[in-house]
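Numbering (my numbering), first residue to last: 1 to 326.
Cβ coordinates follow ideal geometry from the N, Cα and C atoms, glycine included.
Small disclaimer: the values here were computed from a predicted structure and weren't measured.
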Ligand SMILES: [Zn+2]
């Protein structure tokens, strides 16, 4: 599927395809949630499909397309970061290890099953461990004819320069607000403006999060505005403690960045928590910038210490007390 904000990148690649000038290795990079992985899959499908449409998109009907849909196409490999084998950790570090890359390079050097393209997609390519990245260099340089390796990442700077320099980069910026809102509306989003703000402008994240987390975010809003409403914020600590820790702390960081924006900008400034602008303005008015930065560091500390078993309710009590005394 090609999203409405990806037409330019798509048209460029389709021109290259027609002229038989496609590179061997592409690096799709850009903001999280802008649909790079979906684009990579569409590109792979377009190359493997027997009768693509006029705009180059796969037909979805032919044998190769059916195999792609069933995730069994022999000439398409999709790699993702995985946890280490036999890990006991509940939050293991996901990586792409050398074993996976060796399997991939072997596959890419064998003959194509359909006598056409062989395509490999490496998602989360910044998670390639160094050894794995090194094992891939030769294949990236001379992958053989009709082979395309597509690396996808939102953190291209984490890839070794040896890998980056062997790929042709294709950037995926976040779509403009109007385009993203129109798309969210077409997908049936109920509160597209709020969802898009919360997702920092990433439409796919906005769509995914809106139902799951809107209520949870509202809980945080009530806690953070409790003091303004003559309530005790601490009564929310237990409920906040039951939310996914990483998410709820990152939402709190959104509030802090909004405060900093309001403190530092004289004119009108765009906020993540736009709908709570009135509250934020009141808090910004009384808050001390130095305290806001200390509070910011406190949240970062809590985020980093997530592996340590901290009592979540105490964490939130501490955070709410600090928030109220900014
Ligand atoms: Zn097809």
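In this structure, residue 27 keeps its C-beta atom at 9 Å or more from the C-beta atom of residue 209. Per the coordinates, the alpha-carbon of residue 31 lies some 9 Å from the alpha-carbon of residue 153.
Taking a cut-off of 8 Å for Cβ pairs, the region 172 to 192 and the region 245 to 258 do not touch, as fewer than three such pairs fall below it.
The beta carbon of residue 59 sits closer than 7 Å to the beta carbons of 49, 51, 52, 53 and 65 from its chain, once the five residues preceding and following it are set aside; these are given in chain order. Ranking 7, 182 and 43 by CA distance to the CA of residue 23 puts 43 first. Counting the other Cβ atoms within 10 Å of the Cβ of residue 155 gives fewer than 16, which makes it exposed. Following the DSSP letters along the chain, one finds residue 46 inside the alpha helix (DSSP H) bounded by residues 36 to 48. The beta-bridge partner set that DSSP reports for residue 149 consists of 25 and 120. In this structure, ligand 1 has no non-hydrogen atom nearer than 8 Å to the beta-carbon of residue 74. If the five residues before and after residue 107 are omitted, its C-beta is found closer than 7 Å to the C-beta atoms of 77, all from its own chain and listed in chain order. Excluding its 5 nearest sequence neighbours in each direction, residue 57 has C-beta neighbours in its own chain below 7 Å: 2, 42 and 46, listed in chain order. Counting every other CB atom within 10 Å of its CB across the protein chains shown gives residue 161 a total below 16, marking it as exposed.
The DSSP assignment places complete beta strand (DSSP E) segments of no fewer than 3 residues inside the region 122 to 183 at 147 to 153 and 168 to 172, in order along the chain.
Within 8 Å of the C-beta of residue 58 there is at least one heavy atom belonging to ligand 1. Looking only at 249, 244, 285 and 252, the smallest Cα-Cα distance to residue 264 is reached by 285.
Secondary-structure assignment with DSSP links residue 30 through a beta bridge to 172. Cβ-Cβ distances below 8 Å link residue 189 to 195, 206, 207 and 210 in the same chain, with the five nearest sequence neighbours on each side left out; the list follows chain order.
Taking the CA atoms as reference points, residue 134 sits about 24 Å from residue 36. Not one heavy atom of ligand 1 sits closer than 8 Å to the Cβ of residue 44. DSSP assignment within the region 60 to 85 yields the following whole alpha helix (DSSP H) runs of 4 residues or more, N-terminal first: 63 to 69. DSSP places residue 311 in the coil class of the three-state scheme, outside both helix and strand.
Assignment of residue 55 by DSSP, reduced to helix, strand and coil, places it in the coil class. Counted as a single uninterrupted DSSP element, the alpha helix (DSSP H) harbouring residue 102 occupies residues 98 to 109. Cβ atoms of residue 159 and residue 125 come within 8 Å of each other, at about 6 Å.
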